[in-house]
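A.B. asks:
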Amino acid sequence: MSSRFAAPSVGAVLVDKGFPRITRTTLALYAGASGDHNPMHIDIDFAKKAGFPDVFSQGMLVMAMLGQALTDGVRPDRLRSFSTRFVAITELGAKIRCQGTVAELLEAEGEKRARLTLTAKNEAGDVKLSGEAVISL
């Protein structure tokens, strides 16, 4: 076990991962893999008719990024819960950075745990997705 998990403190960053820019190809590949073919995410004319300047990311794509960042930073067998809330649309071209910070140390079911505050933000620091996870230490 990594020393950062041996005795983390409140405020410690345990998850930190950046992702490449979201491109039209990213959206098309995710649509094919997920089955989410909502034209809002792949058809610029449809998005413009709906009042948006361009297509935008599927929310579940950003959630997948946050989940990947979480399991890259924390072994999956230590994950006790993971929940998210969509905060804002993620625009085409966004470069997402996901972080998880220790918000609370606790004990439950006989094990030491940490509650992490999770965020997925764009380069400007705008939160696109927020959430939390509980992990076993």
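Each number in the working numbering corresponds to the 1-based position in the sequence shown with 30 added.
Glycine residues also receive a C-beta, built at the ideal position from the N, C-alpha and C atoms.
For clarity, every value in this text was computed on a predicted model and none was experimentally measured.
1. Name the DSSP beta bridge partners of SER166, please?
2. What's the C-alpha gap between GLY130 and SER160?
3. State the DSSP-derived secondary structure class of ASP107, mapped to helix, strand or coil.
4. Taking the alpha-carbon positions, what's the LEU99 to MET70 distance?
5. Just confirm the distance between the C-beta atoms of VAL132 and ALA150, as a whole number of angstroms; I'd bet it's less than 8 Å.
6. Taking 8 Å as the threshold (C-beta atoms), are LEU109 and ASP84 in contact?
C.D. replies: Concretely, from the data shown:
1. ARG143
2. 10 Å
3. helix
4. As written in the sequence, residue 99 is Ala, which differs from the Leu given in the question. Each residue's Cα considered, the two are about 26 Å apart.
5. Their Cβ separation, rounded to whole angstroms, is 18 Å, which puts VAL132 and ALA150 out of contact at 8 Å.
6. no
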